[in-house]
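Novice:
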Amino acid sequence: MTLSLVVVTLAIFATPMLLSRFKISVLPTSVAEVIVGIILGQSCLHLVKMNTVLDYLSTLGVIFLMFLSGMEIDFSLFKKNSKSQMTPLELKQANAQPKASPLKTAVVAYILSCVTAVVLAVLFKVSGLFSNFMLATILFATVSLGVVISLLKENELLSKPFGQTLLLFAVLGEVVPLLTLTVYSSIYSGKGETLWLISLIFIAAALFLRHFHKFFSFYDQINKATTQLDMRLAFFIIITLVVIAESVGAENILGAFVAGIVVKLLQPEKETQRKLDSIGYGIFIPYFFVLTGVKLNIPALLASPKTLILIPLFFIAFTVAKLPAYFGFKTRFTKQNSRAASMLATTTITLVLATLTVAQQLHAITSQQSGAFILAGILTCIFGPMMFNKMYKPEPEDEKSTQVRIIGANFITIPAAQQLSNDGYDVNVYTDNQTDYKTYRNSRVKVNLVKTLDADELIKQEIFDTDILVLAYNSEINYHLALSAKKYGVQEVLTYIETRDPNNTMEKELEEAGIDIVNNFSMDVNVLRTAIESPSMLQVLSHGGNARIYEVTVTNARYAGLEIQELPFIKDITISRIFRNRRSIPPHGSTRIQLNDHLIFSGERDVVQKIRKSLGRLNEE
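Positions 594 to 1214 (this note's numbering) are the ones given, in order, by the sequence shown.
Shown next, in the form of structure tokens:
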């Protein structure tokens, strides 16, 4: 071990804290790490010198980066759902979606970029500035998948259509040039006849999918804390496919990317994905970004007059090549966000480094030209994300409030609707009773009068077009409406049912249909139990005020594995119950939070809203 390793590791630890300390939000962490590497390396302070250990860590970093990139792809976007299997509501929602899917949008945008890259490569060849047409085309068509993913994660966009579109664009911008580079290097080096060997990577991937497709279905039965079989399988797949890729003359990052796709298609648990993310983004990937900067010798590159000319020209070419992508993005998203997406698409560094390494080994490029490409690529990684952060605004489809429709206006539903409205829900109350309508129409919620409670008529009026449906009329009406709503396709139906006949099968039918049931008896029992177990919770239930009971699903990886007593906001809330895999868990200070836990808690509304948003935040590391 050397001092250089210590310095790099310290830099990896300190960089995100410095960004937070000085509130530098326009610069992605990955780009900041490259800049820190430049400062520490031979370009500036000379504190870090490359050695075998650091070389290995850098290689592991880029391999893990490509592996996790493959795992980030949402393959449901490639599926064409059969409309015959959709509920009427799902079919209606599908028809209302923009015609341009994320996949189609990304493909069109990338094709436009590729055409522009070819034109630019021709111009450079004709002008004599860079004569290698094929190499220039590959370089101008590349996108830095690692930087794009890092920024999308930081902005919590990976789970949204806009984020998935950009991710697919970046995947194309890495995979297509990568495959093209493999073909180019094979032909250039006179090994074109061995190109067919690349298919061995995909054959091996298919074998993994065939033999391990049921692995995670019985994983919990065989796994132990000391074995971590999911991690062992992931590393086995990564190493195997990387070794095969290198053996057949392809780039190791191609094997790593395919490995990520394989593991994703095996459908691992959320916890497995979280652990892999932790290993990648917490350990290996930062080494790649920092050491990328360390390897650069900027003073030497700038010493050449030709390099000084090429740097701005290559930077312009990298940028211009991606600008036509705007017209592809515009088919699905707003003009402003389409411009923001095309700016982020200009980032290119990961594959540029790999491409230039191969090109230099083949003696297809000079060191000055290589240096100019690298510096231009680094500039795009600063310029693109900064412009994106300034320009991006949430898409209208991402800002929709949860819709709640309540059938029945009474002394219970109206106060509940008022409280839900205050918490950001889009609530509408419906009644066919003139008296109830006149009584509650001037309340602080939207109360609507309907002529009939016939299910077909309610569907026709789009009252069942909602996220949550609450039925609060009499049991008989609620029963029929609940079944009709579920058949129509409403995801969450909550209905009041009160029956004293032990032979009545009403509740059983509703439960089998996936409908949640409320009745006075069960509510009274639960309140009494709460009063005995948690007197303070009874105060919340009885007196209301600003403190109420809330539920949130934990999707923020930051809190996974923490004990309840370690939560930074635990003094502001009271956790009464945890639901995990449909099991109720009594919370204790030492109980560890897991991803997808449902937390039932109470607290002051002003504080709770921030906590719910933090716990439910996606893609945060």
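Quick reminder that beta carbons are idealized off the backbone N, C-alpha and C, glycines included.
Taking only the alpha-carbon atoms, compute the straight-line gap between Lys888 and Thr865 and give it to the nearest angstrom.
Specialist: So the two alpha carbons sit approximately 33 Å from each other.
Novice: Going by beta-carbon coordinates alone, are Ser1195 and Tyr1143 separated by less than 8 Å?
Specialist: A contact, by the Cβ cut-off of 8 Å.
Novice: Pairs of beta-carbons, one from the region 704 to 720 and one from the region 911 to 924, closer than 8 Å: are there three or more?
Specialist: The region 704 to 720, when compared against the region 911 to 924, does touch it at the 8 Å Cβ threshold.
Novice: Given a threshold of 16 other Cβ atoms within 10 Å of its Cβ, counted over all protein chains shown, does Arg614 qualify as buried or as exposed?
Specialist: It is exposed - the Cβ of Arg614 has fewer than 16 other Cβ atoms within 10 Å.
Novice: Could you have a look at His804 and say whether DSSP puts it in helix, strand or coil?
Specialist: If DSSP states are grouped into helix, strand and coil, His804 belongs with the helices.
Novice: Of all the options Val841, Glu844, Phe801, which has the alpha carbon lying nearest to the alpha carbon of Phe828?
Specialist: Cα-wise, what sits closest to Phe828 is Phe801.
Novice: Would you mind working out which of Ile617, Thr941, Glu988, Ala957 sits nearest Cys974, comparing C-alpha positions?
Specialist: It is Thr941.
Novice: With DSSP collapsed to three states, give me the class of Gln866.
Specialist: Here Gln866 sits in helix by DSSP.
Novice: Smallest Cα separation from Gly663: which of Val851, Phe606, Leu834?
Specialist: When each option's Cα is compared against that of Gly663, the closest is Val851.
Novice: Check for me: the beta strand (DSSP E) holding Leu705 runs from which residue to which?
Specialist: Run containing Leu705: none in the beta strand (DSSP E); it sits in the alpha helix (DSSP H), 695 to 720.
Novice: Can you tell me where the alpha helix (DSSP H) with Thr773 in it begins and where it stops?
Specialist: Element bounds for Thr773: 754 to 781.
Novice: Does DSSP classify Thr939 as helix, strand or coil?
Specialist: Note: Thr939 maps to coil in three-state DSSP.
Novice: Taking buried to mean at least 16 other C-beta atoms within 10 Å of its own C-beta, is Leu1074 buried or exposed?
Specialist: Buried, since its Cβ has 16 or more Cβ neighbours within 10 Å.
Novice: Tell me which residue opens and which closes the alpha helix (DSSP H) that Phe829 is part of.
Specialist: Residues 822 to 840.
Novice: In three-state terms, what does DSSP make of Leu1208?
Specialist: Of the three classes helix, strand and coil, the one that applies to Leu1208 here is helix, per DSSP.
Novice: What does the Cβ neighbour count give for Met936, buried or exposed, with the cut at 16 atoms within 10 Å?
Specialist: So Met936 ends up on the buried side.
Novice: Are Tyr1018 and Ile1056 closer than 8 Å when you measure CB to CB?
Specialist: No. Outside cutoff.
Novice: Nearest to Ser1183 by CA position, among Ile1157, Lys1203, Ser1207, is which residue?
Specialist: Closest by alpha carbon: Ile1157.
Novice: Of the choices Phe733, Thr595, Met610, whose alpha-carbon is the least far from that of Leu647?
Specialist: The candidate whose alpha carbon is nearest that of Leu647 is Thr595.
Novice: Based on the DSSP secondary-structure assignment, which residues constitute the bridge partners of Tyr1143?
Specialist: DSSP output for Tyr1143 lists Phe1194 as bridge partner(s).
Novice: Do Ile791 and Ala843 have their CB atoms nearer than 8 Å?
Specialist: In this structure, Ala843 lies closer than 8 Å to Ile791 by Cβ.
Novice: Quick one, which of Val841, Met727, Asn1112, Glu1197 has its alpha-carbon nearest Leu949's?
Specialist: Checking every option, the nearest Cα to that of Leu949 belongs to Met727.
Novice: On the DSSP bridge assignment, give the partners of Gln996 in chain order.
Specialist: BP columns for Gln996 point to Asp1019.
Novice: Between which residues of its own chain and Ser994 is the CB-CB distance below 8 Å, once the five residues before and five after are set aside?
Specialist: Here the set comprises Gly1017, Tyr1018, Asp1019.
Novice: Does the Cβ-Cβ distance between Asp1060 and Gln1011 come in under 8 Å?
Specialist: Cβ distance not < 8 Å, so Asp1060 and Gln1011 don't count as in contact.
Novice: Using 8 Å for Cβ pairs, my map puts Phe755 next to Asn930. What's the rounded Cβ distance?
Specialist: Rounded, the Cβ-Cβ distance is 6 Å, consistent with contact.
Novice: Beta carbon of Phe795, beta carbon of Gln860: below 8 Å?
Specialist: Going by C-beta atoms, Phe795 is not nearer than 8 Å to Gln860.
Novice: Rounded C-beta distance between Ile1204 and Phe1172? I'm assuming under 8 Å.
Specialist: Not really, about 17 Å apart at Cβ, beyond 8 Å.
Novice: Let me make sure I understand the geometry here. Which of Lys899, Thr1098, Ala1002 has the alpha-carbon closest to that of Leu1064?
Specialist: Comparing Cα positions, the closest option is Ala1002.
Novice: Pick helix, strand or coil for Asp1049, following the three-state DSSP scheme.
Specialist: Reduced to three states, the DSSP call for Asp1049 is helix.
Novice: Can you grab the Cα-Cα spacing for the pair Phe908 / Lys899, in whole Å?
Specialist: Approximately 14 Å, taken between the alpha carbons.
Novice: Can the beta-carbon of Ile1070 be found less than 8 Å from the beta-carbon of Ile1090?
Specialist: In this structure, Ile1090 does not lie closer than 8 Å to Ile1070 by Cβ.
Novice: Tell me whether the region 876 to 885 and the region 625 to 634 touch, counting them as touching only if at least three CB pairs, one residue from each stretch, are closer than 8 Å.
Specialist: The region 876 to 885, when compared against the region 625 to 634, does touch it at the 8 Å Cβ threshold.
Novice: Going along the chain, which residues of its own chain have a beta-carbon closer than 7 Å to the beta-carbon of Asn644, five neighbours each way excluded?
Specialist: The answer, listed in chain order, is Thr595, Ser597.
Novice: What did DSSP end up calling Val1040 once you bin it into helix, strand or coil?
Specialist: Correct three-state label for Val1040: strand.
Novice: If you draw a straight line from the C-alpha of Ala952 to the C-alpha of Val855, how long is it?
Specialist: The alpha-carbon atoms of Ala952 and Val855 are separated by roughly 29 Å.
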